[in-house]
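Everything on this sheet refers to the single structure shown next.
Pasting the structure below:
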């Protein structure tokens, strides 16, 4: 017997009885197999190393494997027999990552084997059981014919994340779930770092940057939480598995790494892992390890405690006055009511600011300044013409400039955009739209900044501009304001039309170009811009006429399927192919396309069938609901489905689970009327007080309130500026 808590580590002895046609796997290597009565066999495994209970795993089933040795470690990838041909990429990737992590951490992987298993039915993307890692099939299997470069990136990222856990989380574990971010934030950080170094052709900053921006939207709400938070119930623990723990946690580590410089940071990690191997830790242990390297200058613990025990993030206001740059920090909040302002005034961060000016030489080290008080001053020997803070978007904060400085930056973007890194340009677009949302700058100024996009060629800023402008369009469209939404769409088409014209439908592109291709064509086809739909429909017809055997460009496959799903015969053919194909990436693209139809009966059938879990697995219900919610005919339908099936949903997935969180979020985030606010509030209040207090419920309600607030502040301005 053992306490099922992460701090209580133990050694486990595992014996499994199984039938002859199955194999058995556990964390440790198998040492013997003995026949039993009734045709059963007993497999016995080596006694495990000291580990937490949540990492113990056993698997019994009909699986085949491919394997390879690296530095004495046998790496095996398991899948059901008919999909074993899709395991080669994962095997080679896992070997490279294991070698990288052992070198980076300077600690040998402690087992002589690691198994990666693709499970046909699995709710999460991956689970890091020590030596026996489990994956959803779409997160481990790669099909050369139907998987896109973006699918390959996803597989690589999940493997990198779960293998990083073998050190962060497994070898060294958080003492209690309040410090979950030590596991998940670090694994997300290492996943991105490893991909950037080992798989540069598969890594782009664009995706992580967009995730960080979305995390900041959530983290600016009153319903957010610090990355370190006391938790006591299972529902509270489940809710910690969110983007604040994963993405904010990793963003803080990237910010610290850039401030300390890479060698200092890496040495601190090595000390931490070495000193606490097979033990459990808290926040302070990590910062103490870093301080052993910095010798307290800077004091990492003092700096980072301001980021981990406070929720939210700072808004840094910048003003140029001759040779001086005046700085002020406050908590960034969307809801600017008086009570919130008083509450936010007590927040103070130690912010590692980075900045560039017109006087800085790019060959010199980056300028930094630690803003550890409410205000600060940077003095220059001579007057400066412009300044840009948060270089490359490496810091977890938003910057607000006065109108003169915003106009100076906008002028630079329009005349010489390459003076800034693409991440800086994306960062400026994100910041100005977020600030416009709370009335700090005018929406006209934000649209004025995006006008430079016609000169832009990099993915990150184009995708951010498309996201921000589309978001406004979606809010207006879902309100049923057809005339205004048509004007917003016209403005968006004017911005991106030339870029859509230039996009080709083939796969001969870098990953960053493929991400851009996917975003622009998806938008263009959905709104039938630039003949996109007819091109996609022609490609679908060729594929359908070949009975699904014709080769399609994998990166735009979903866009082609979505065009096909608009007709009755196309939708029915896709449904037939969904049951027929073995490739999980292709199945997922088909499923999302089926959910894009405007046929209400089909949408209801898809949701009901996914909940039943026979034709469509229940693990894919969140995908179905999210896809339906994004479309005009489906967004109210999806919310009605969640309401009507609530009891069955929470029985199947648990009320605090990420699955339920994502379904509530995806079905309510576009509501912007008082009627919908009252409806959502009263629904959750009718369930139980505990349900109404769940964080994601409070977040959903606050999101609707903020949408209403955005409309009240910006609707008249929007009508005037278009």
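Numbering (the UniProt record's numbering), first residue to last: 1 to 722. Glycine is no exception: its CB is placed at the ideal position from the N, C-alpha and C atoms.
Asked                                                                                                                                                                                                           : Found
Select from 510, 478, 468 the residue whose C-alpha is nearest the C-alpha of residue 491.                                                                                                                      : 468
What number of angstroms, rounded off, separates the C-alpha of residue 122 from the C-alpha of residue 155?                                                                                                    : 15 Å
By how many angstroms is the C-alpha of residue 487 removed from the C-alpha of residue 679?                                                                                                                    : 30 Å
Using only the alpha-carbon positions, how far apart do residue 290 and residue 573 sit?                                                                                                                        : 58 Å
Spatial neighbours of residue 136 within its chain, please: CB distance less than 6 Å, with the 5 preceding and 5 following residues excluded, ordered by chain position.                                       : 122, 125
Under three-state DSSP, which class holds residue 185?                                                                                                                                                          : helix
How far does the alpha helix (DSSP H) with residue 376 in it extend, from its first residue to its last?                                                                                                        : Premise fails: residue 376 lies in the beta strand (DSSP E), 375 to 379, not in any alpha helix (DSSP H).
Using 8 Å as the threshold, is the C-beta distance between residue 280 and residue 175 below it?                                                                                                                : yes
Go through the segment 650 to 715 residue by residue and report every complete run of the alpha helix (DSSP H) that reaches 4 residues or more, in order.                                                       : 658 to 668, 674 to 687, 689 to 692
Per DSSP, what kind of secondary structure is residue 425 in: helix, strand or coil?                                                                                                                            : helix
If we ignore side chains and look at the alpha-carbon of each, how far apart do residue 506 and residue 553 end up?                                                                                             : 6 Å
With 16 other CB atoms within 10 Å as the buried threshold, where does residue 393 fall?                                                                                                                        : buried
Can at least three beta-carbon pairs, one atom from the segment 313 to 327 and one from the segment 231 to 240, be found at a separation below 8 Å?                                                             : no
Can you name the start and end residues of the beta strand (DSSP E) that residue 77 belongs to?                                                                                                                 : 73 to 79
Along the alpha helix (DSSP H) that carries residue 294, what are the first and last residues, could you check?                                                                                                 : 283 to 294
Could you compute how far the alpha carbon of residue 475 sits from the alpha carbon of residue 671?                                                                                                            : 8 Å
Does DSSP classify residue 57 as helix, strand or coil?                                                                                                                                                         : coil
Name, in chain order, the residues that DSSP records as bridge partners for residue 400.                                                                                                                        : 317
Taking only runs that begin and end inside the segment 169 to 226, name each unbroken alpha helix (DSSP H) of 4 or more residues, in chain order.                                                               : 180 to 198, 205 to 219
Please classify residue 534: is it buried, with 16 or more other beta-carbons within 10 angstroms of its beta-carbon, or exposed?                                                                               : exposed
For residue 544, which residues from the same chain have a beta carbon less than 7 Å from its beta carbon, with the 5 sequence-adjacent residues on both sides left out?                                        : 564, 570, 573
Sort 244, 278, 300 by Cα distance to residue 265 and report the nearest one.                                                                                                                                    : 300
Quick one, which of 652, 647, 653, 592 has its alpha-carbon nearest residue 634's?                                                                                                                              : 592
Please state the DSSP three-state secondary structure of residue 250.                                                                                                                                           : helix
Cβ of residue 170 within 7 Å of any heavy atom in the ligand NAD?                                                                                                                                               : The model depicted lacks the ligand NAD and carries no ligand whatsoever.
Note down, one range per segment and in chain order, each alpha helix (DSSP H) of at least 4 residues found wholly within the segment 430 to 514.                                                               : 443 to 450, 459 to 478, 482 to 502
Check each candidate in 188, 208, 395 and name the one with the smallest Cα separation from residue 249.                                                                                                        : 188
For residue 473 versus residue 489, is the C-beta distance shorter than 8 Å?                                                                                                                                    : yes
Exposed or buried, which one is residue 385 when buried takes at least 16 other CB atoms within 10 Å?                                                                                                           : exposed
Are there 16 or more other CB atoms within 10 angstroms of the CB of residue 796, so buried, or fewer, so exposed?                                                                                              : A question about residue 796 goes unanswered here, because the residues of the chain that appear run from 1 up to 722.
Taking 8 Å as the threshold, find out whether the segment 189 to 202 comes into contact with the segment 415 to 422 through three or more Cβ pairs.                                                             : no
Using 8 Å as the cut-off, can you tell me whether the segment 573 to 585 makes contact with the segment 520 to 535, which would need three or more C-beta pairs spanning the two stretches below that distance? : no
Nearest-angstrom Cα distance between residue 41 and residue 14?                                                                                                                                                 : 14 Å
Which same chain residues end up closer than 8 Å to residue 94 when comparing Cβ atoms and leaving out the 5 residues on each side of it in sequence?                                                           : 75, 77, 114, 116, 159, 163
Taking buried to mean at least 16 other C-beta atoms within 10 Å of its own C-beta, is residue 398 buried or exposed?                                                                                           : buried
What span of residues does the beta strand (DSSP E) with residue 25 cover, start to end?                                                                                                                        : 23 to 26
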